[in-house]
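Asks:
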Amino acid sequence: SVKSKTVILREAVSITKQPKNVQTQSGNTVKVTVKASGDGLKYQWYVKNAGDAKFTKSSVTKATYSTKMREAAQERQIYCVVTDAYGKTAKTKTVTLGMTVSITKQPQSVAVEEGKTAKVTVKAIGDGLTYTWYFSDVDDATFKKTSTFKGNTYSVKMNEARDGRLVYCVITDAYGNKVATDVVSLKMK
1327 SVKSKTVILR EAVSITKQPK NVQTQSGNTV KVTVKASGDG LKYQWYVKNA
1377 GDAKFTKSSV TKATYSTKMR EAAQERQIYC VVTDAYGKTA KTKTVTLGMT
1427 VSITKQPQSV AVEEGKTAKV TVKAIGDGLT YTWYFSDVDD ATFKKTSTFK
1477 GNTYSVKMNE ARDGRLVYCV ITDAYGNKVA TDVVSLKMK
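With this note's numbering applied, the sequence shown has no gaps in its numbers, which climb one by one up to 1515 at the end.
See the structure below:
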């Protein structure tokens, strides 16, 4: 009989569960995890913020990347390179961190003189925001959608017919999340 040399079978590093895109509200902690198999795995995350030309190495060297969601992290792209004990690597797909729509400043009721422009503005953060304004005059029982105003400001010249008008805005983000502002009034001084 002949005895062969002893060999060691090693599992090559591989990604078993890819990370996923995540959206959350401002101020929440977002976590993205990669699962991999192999011997002696090490993790290195790379990030690219919106407007950056290239990815840079992050300080995160664990299987889970986490950060507090704020405007600076909005639309941040990340991926992870997993390295095994033998120097072999596997790269995850690139995912995006998104911020769901959140109102940072509600519109305020206003009172202006006749003929002057009454303006109400909402401030919000999120990805790909669109604004839909609704109004109801004093004698109306229901709110109507306006097609005139598409941005974060609603404005009209004040007259008697518009005195006491109620307005609000529905803000929609790129992921279909919606939030409505407080209802505010337009009055004539």
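Glycine included, C-beta positions come from ideal geometry on N, C-alpha and C.
(1) Going straight from the alpha carbon of Met1425 to that of Thr1456, what length do you get?
(2) Can you tell which of Ala1437, Thr1422, Thr1387 has the C-alpha that lies nearest to the C-alpha of Thr1350?
(3) Note down the Cα distance separating Tyr1460 from Ala1506, rounded to an integer number of angstroms.
(4) Opposite Tyr1535 in the DSSP bridges: which residues?
(5) Given this structure, state the Cα-to-Cα distance separating Ser1363 from Val1407, to the nearest angstrom.
(6) Are the CB atoms of Ala1389 and Ile1341 within a distance shorter than 8 Å?
(7) Mark Val1328 as exposed unless 16 or more other C-beta atoms lie within 10 angstroms of its C-beta, in which case mark it buried.
(8) Helix or strand or just coil, what does DSSP make of Arg1396?
Replies: Let's see:
(1) Translated into the one-based positions of the sequence shown, residue 1425 becomes position 99. Translated into the one-based positions of the sequence shown, residue 1456 becomes position 130. Roughly 14 Å separates the two Cα atoms.
(2) By 1-based counting over the sequence shown, the position of residue 1350 is 24. The residue with the shortest Cα to Cα distance from Thr1350 is Thr1422.
(3) One-based indexing of the sequence shown puts residue 1460 at position 134. One-based indexing of the sequence shown puts residue 1506 at position 180. The alpha-carbon atoms of Tyr1460 and Ala1506 are separated by roughly 10 Å.
(4) For the chain, the structure presents residues 1327 to 1515; residue 1535 sits outside this window and is missing.
(5) Working through the sequence shown from its first residue, we reach residue 1363 at position 37. Working through the sequence shown from its first residue, we reach residue 1407 at position 81. Distance between the alpha carbons of Ser1363 and Val1407: 13 Å.
(6) The residue you call residue 1341 lines up with position 15 of the sequence shown. The residue you call residue 1389 lines up with position 63 of the sequence shown. No, the pair does not count as a contact, with Cβ atoms beyond the cut-off.
(7) Residue 1328 sits at position 2 when you count from the first residue of the sequence shown. When all chains shown are included, Val1328 counts as exposed.
(8) Translated into positions along the sequence shown, residue 1396 becomes position 70. The answer is coil: DSSP assigns Arg1396 none of H, G, I, E or B.
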